[in-house]
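In the working numbering, the protein residues as written are 72 to 392. One structure is given below, encoded as structure tokens.
In structure tokens, the structure reads:
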């Protein structure tokens, strides 16, 4: 039965994430936000909601489950850049705009670096993210989101008046209240899907003698990254690469500043020493690695996508063996 609930949790997470993204984008088009900012904010929030719910639930449950909280965030961030971006680039090469290089990537990398500093140099003796660190991270995501939205509205006041953007925002054909309903259904799907996924993964890990942290950075991380994979892959297939790259960079920022920030504001998030010595460095390294890939050629082509996938499988090999 555990495998049934694990699969059901995955399915419900995917459907819930898809509904949440459709509803969010449909609403966002009404307030005139550019494609890149939609990817960085609204879509990222929607696709990262599973990480928030799984990590929050794991931390609040306490015990061995609490170690999944940090593991899920780190594993998701590694998967978003190395796995999801790699697969997305195979579907369609991703053009990289100047804004992504000079604004979005630096915020993602500095957020990752700050997260690593908090884990290693503050309360390192107890191995946890404490409440004041969580509050600090959460304040940063609020400030960054407000800045992005205001900047976008100022620069692209009429960005959604042309046909290209109307085609992108298919959910906008629904009425405002229908989008609200879609958003609510998506949230419910994420709540129940994350609950079933977390409980089933914990039971499977216990029965197999596998560390809950390893489950967190593999099974749960991949499962909660599925919405990012779906959203970015569909965006790439439709040649809307602004949303694809914006979603992934934004999701990594959201995972650290909001998922860790909001969760850590309520309850301390414990972590193990191997997180500091291995997984956290992989997360930081992959976050840095994507910059030269974006810079040279101003795109992420299929060969770069293959390289990212090989990097992800190398990480899994050293993690598991």
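C-beta: ideal position from N, C-alpha, C; glycine also.
Given a cut-off of 8 Å on the beta-carbon distance, is the pair residue i and residue j in contact?
| i | j | result |
| --- | --- | --- |
| residue 268 | residue 80 | yes |
| residue 190 | residue 342 | yes |
| residue 327 | residue 208 | yes |
| residue 141 | residue 329 | no |
| residue 167 | residue 305 | no |
| residue 115 | residue 322 | yes |
| residue 247 | residue 371 | no |
| residue 149 | residue 353 | yes |
| residue 274 | residue 299 | no |
| residue 366 | residue 172 | yes |
| residue 109 | residue 220 | no |
| residue 143 | residue 335 | no |
| residue 163 | residue 307 | yes |
| residue 263 | residue 119 | no |
| residue 350 | residue 145 | yes |
| residue 85 | residue 297 | yes |
| residue 331 | residue 205 | yes |
| residue 295 | residue 147 | yes |
| residue 139 | residue 286 | yes |
| residue 121 | residue 265 | yes |
| residue 289 | residue 387 | yes |
| residue 252 | residue 170 | no |
State the DSSP-derived secondary structure class of residue i, mapped to helix, strand or coil.
| i | result |
| --- | --- |
| residue 438 | With the chain covering only 72 through 392, there is no way to say anything about residue 438. |
| residue 43 | Only positions 72 to 392 of the chain appear in this structure, which leaves residue 43 out of reach. |
| residue 199 | strand |
| residue 80 | helix |
| residue 225 | helix |
| residue 93 | helix |
| residue 166 | strand |
| residue 382 | helix |
| residue 236 | Any reading at residue 236 is ruled out, since the residue's pLDDT is 49, under 50, leaving its predicted position unreliable. |
| residue 311 | coil |
| residue 392 | coil |
| residue 127 | helix |
| residue 147 | helix |
| residue 179 | helix |
| residue 105 | coil |
| residue 111 | helix |
| residue 241 | Reliability fails at residue 241, whose pLDDT of 49 lies under 50, so the model's placement of it is uncertain and the value that follows must be treated cautiously. In this structure, residue 241 counts as helix in the three-state DSSP scheme. |
| residue 282 | coil |
| residue 72 | coil |
| residue 88 | helix |
| residue 230 | Note that residue 230 has pLDDT 49, beneath the 50 cutoff, so the model's placement of it is unreliable and the number below is only indicative. If DSSP states are grouped into helix, strand and coil, residue 230 belongs with the helices. |
| residue 376 | helix |
Would you list the residues sitting across from residue i in a DSSP beta bridge?
| i | result |
| --- | --- |
| residue 136 | Bridge partners of residue 136: none, in fact. |
May I ask which residues mark the beginning and end of the alpha helix (DSSP H) holding residue i?
| i | result |
| --- | --- |
| residue 250 | 247-279 |
| residue 172 | Neither: residue 172 is in no alpha helix (DSSP H) and is coded neither H nor E. |
Cβ contact check for the segment 154-164 and the segment 115-133: 3 or more pairs under 8 Å: no
Segment contact, 8 Å Cβ cut-off, at least three pairs: the segment 349-366 with the segment 209-225: no
Inter-stretch contact (C-beta, 8 Å, three-pair minimum) for the segment 111-127 and the segment 274-281: no
Contact the segment 245-260 vs the segment 88-101: 3+ CB pairs below 8 Å: yes
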